[in-house]
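In this text, residue positions in the sequence shown follow this note's numbering: the first is 1, and each later residue adds one.
From the three backbone atoms N, C-alpha and C, an ideal C-beta is built for every residue, glycine too.
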Amino acid sequence: MAAARRSIGRLAARLLGWALLAIAALTLWAHLALGSGKGGEAFAMMLVVLGVPSFLAGAVVLWLTRGRPTGGPPTD
């Protein structure tokens, strides 16, 4: 039962990490595609305030939940 909870928690954390990376990618796209026109400063600030922290948080979450393969024997 506890192992199932851990695997569900790990899956939820990995989904959160990928969602944060997707937010970072969307803000980078908005900054590059739409930031050169009127209101470009707003898109630059959106990238700095939302995109960069989302990228860093997503990368850290995915790094912390990377785990090791469970199919083989343990390596001590």
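### Query
Excluding five sequence neighbours on each side, which residues of the same chain lie with their C-beta closer than 6 Å to the C-beta of Thr27?
In the sequence shown, the residue the question calls residue 27 occupies position 27. In chain order, Met46, Leu47, Leu50 and Gly51 place their CB closer than 6 Å to the CB of Thr27, counting only its own chain and leaving out the 5 sequence neighbours on each side.
### Query
Which residues in the same chain have their Cβ closer than 8 Å to the Cβ of Ala19, if we skip the five residues on either side of it in sequence?
In the sequence shown, the residue the question calls residue 19 occupies position 19. Annotation for Ala19: Gly58 place their beta carbon closer than 8 Å to its own, counting only its chain and skipping 5 residues before and after.
### Query
Beta-carbon separation of Val61 and Ala13 under 8 Å?
As a working note, residue 61 is residue 61 in the sequence shown. As a working note, residue 13 is residue 13 in the sequence shown. Contact flag set, yes.
### Query
With 16 as the cutoff for other CB atoms within 10 Å, does Ala22 come out buried or exposed?
Stepping through the sequence shown from its first residue, residue 22 is reached at position 22. With fewer than 16 Cβ atoms within 10 Å of its Cβ, Ala22 is classed as exposed.
### Query
Would you say His31 reaches chain C, if we count a Cβ-Cβ gap shorter than 8 Å as a contact?
Among the chains of the structure shown, chain C does not appear; only one protein chain is present.
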